[in-house]
Every structure is written in C-alpha cells, then in structure tokens.
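Residue 1 is where the sequence shown starts when you use our numbering, and the numbers rise one by one after that. Beta carbons are placed, not taken as given, at the ideal position from N, Cα and C, and that holds for glycine. Please read the structure below before turning to the comments.
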Amino acid sequence: NLGQKGQKYFPFILCLFLFIAMLNILGLFPYVFTPTAHLVMTFGLSLSIIIAVTISGFISFKLNFLSILMPGGVPLVLAPVLVLIETMSYMIRAISLGVRLAANISAGHLLFAILSGFAFNMMVNGLIVLSLFPVLILVFITLLEIMVAVIQAYVF
1 NLGQKGQKYF PFILCLFLFI AMLNILGLFP YVFTPTAHLV MTFGLSLSII
51 IAVTISGFIS FKLNFLSILM PGGVPLVLAP VLVLIETMSY MIRAISLGVR
101 LAANISAGHL LFAILSGFAF NMMVNGLIVL SLFPVLILVF ITLLEIMVAV
151 IQAYVF
C-alpha cells in the first residue's frame with residue numbers, strides 16, 4: 001500500500017498487469033506460442049522492473065531506500081550477515097519472478113497438450129463415448145488456464 005504518493009504508479013502497474021495477462025491468454029489459442037513461457041521474455045521483464053523499482057526507490061527515498069536491507073530491531077552484531085542475506089534475496093527476486101511465470105505457464109500448456117492428444121486418440125479410435133470424459137477435463141483445464149494466466153499476471 002503506497003498511499004497517495006503511490007497513485008502515480010497505478011497506470012504503469014495496470015498496464016503491466018494487462019500486458020502479462022493478455023500475453024498469457026494469447027497462448028491459449030491454437031498454434032500460438034505464449035511469449036511468457038519463454039525464459040528470456042520473463043527474465044527481461046522481471047529484471048527491468050526490479051531495476052526500475054530500485055532506481056525509483058533511490059530517487060524517492062535517497063539512501064533511506066537501503067533500509068529495506070536491514071530489518072528493524074535486529075542486534076547490530078547480526079547486521080553484516082542480514083544485509084548480505086537481504087541483498088542476495090533482493091537480487092534473486094528478479095530470477096524468481098521470471099522462472100515462476102515461465103514455469104507455471106509452460107506446465108499448464110504441457111498438461112493441456114498431453115490431455116488433448118489423449119482425447120484426440122480416443123476419438124480417432126472410435127471411442128466417442130469414452131472420449132467425453134477427457135473432453136470435459138479439457139474444458140475444465142482451459143478454464144483453469146485462464147485463471148492461472150490472470151493470477152500469474154497479478155503475482156508478477
């Protein structure tokens with residue numbers, strides 16, 4: 001919660017959310033590659049956003065921005081270790097965001113591809129009645145993929 005001063009970031013955050021959500025949903029169409037399933041795309045997005053947030057933090061809070069690296073109420077003896085750990089955590093956050101988005105989108109598409117191949121083979125082999133169950137599962141997974149696409153955009 002950024003309060004009144006944070007309202008200026010709302011258009012950027014909304015555009016980023018819509019951009020990632022649309023790219024995720026784009027991959028649900030047949031024969032369309034999902035750009036957010038590619039690690040280069042997600043790493044580029046996450047790294048550029050982490051850099052922008054860091055620069056914006058330094059512009060807004062000057063050297064007080066570095067206070068995020070040291071939790072309050074910690075004994076000074078632990079300060080060097082905690083600053084090192086928090087610095088590593090802050091840098092790894094970009095990698096974590098990129099991998100999480102790409103992995104979740106890729107996993108859903110792989111599951112969908114496997115089940116659609118199974119349903120297609122059942123239909124081709126004349127098992128129309130038995131193929132209704134995999135088709136119903138595919139409809140459910142499609143709805144699940146839409147939810148995952150929007151949730152992943154929100155998490156990012």
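With the cut-off set at 8 Å, would you say residue 150 and residue 21 are in Cβ contact? On the sequence shown, position 150 is the one that residue 150 refers to. On the sequence shown, position 21 is the one that residue 21 refers to. The Cβ-Cβ distance between residue 150 and residue 21 falls below 8 Å.
If you draw a straight line from the C-alpha of residue 52 to the C-alpha of residue 78, how long is it? Translated into positions along the sequence shown, residue 52 becomes position 52. Translated into positions along the sequence shown, residue 78 becomes position 78. Computed Cα separation, rounded: 29 Å.
Can you list, in chain order, the stretches of the alpha helix (DSSP H) that have 4 or more residues and sit fully within the segment 36 to 91? As for any alpha helix (DSSP H) of minimum length 4 sitting wholly inside the segment 36 to 91, the runs are 39 to 61, ordered along the chain.
Inspect the beta-carbon positions of residue 111 and residue 141 and report whether they are closer than 8 Å. The sequence position of residue 111 within the sequence shown is 111, counting from 1. The sequence position of residue 141 within the sequence shown is 141, counting from 1. Contact flag set, yes.
Compute the Euclidean distance between the alpha carbons of residue 38 and residue 76, then round it to the nearest angstrom. If you number the sequence shown from 1, residue 38 lands on position 38. If you number the sequence shown from 1, residue 76 lands on position 76. Going by the C-alpha atoms only, they are around 43 Å apart.
Roughly how many angstroms lie between the CA atoms of residue 58 and residue 65, to the nearest whole one? For the purposes of this step, residue 58 is identified with residue 58 of the sequence shown, where counting begins at 1. For the purposes of this step, residue 65 is identified with residue 65 of the sequence shown, where counting begins at 1. Whole-angstrom Cα-Cα distance: 6 Å.
Could you tell me if residue 42 is buried or exposed, where buried requires 16 or more neighbouring beta carbons within 10 angstroms of its beta carbon? Looking up residue 42 in the sequence shown gives position 42. That one is buried.
Nearest residue (CA-CA) to residue 45, options 27, 23 and 129: Locating residue 45 in the sequence shown gives position 45, where the first residue counts as 1. Answer by Cα proximity: 23.
Quick one: any contact between the segment 107 to 122 and the segment 130 to 139, if contact means 3 or more CB pairs under 8 Å? yes
What is the DSSP secondary structure of residue 142, counted as helix, strand or coil? Here residue 142 is taken as the residue at index 142 of the sequence shown, counted from 1. Note: residue 142 maps to helix in three-state DSSP.
Can you have a look at residue 105 and say buried or exposed, based on whether 16 or more other CB atoms are within 10 angstroms of its CB? Locating residue 105 in the sequence shown gives position 105, where the first residue counts as 1. Residue 105 is buried by the Cβ-count criterion.
Can you tell which of 92, 80, 3 and 70 has the C-alpha that lies nearest to the C-alpha of residue 50? Position 50 of the sequence shown, counted from the start, is the residue given in the question as residue 50. Measuring from the Cα of residue 50, the nearest candidate turns out to be 92.
Can you tell me whether residue 4 is helix, strand or coil according to DSSP? Taking the sequence shown and counting its residues from 1, the one referred to as residue 4 is at position 4. DSSP places residue 4 in coil when its eight states are reduced to three.
Report yes if the C-beta distance between residue 152 and residue 97 is below 8 Å; otherwise report no. On the sequence shown, residue 152 is found 152 positions in, with the first residue counted as 1. On the sequence shown, residue 97 is found 97 positions in, with the first residue counted as 1. Result no, Cβ atoms of residue 152 and residue 97 do not sit closer than 8 Å.
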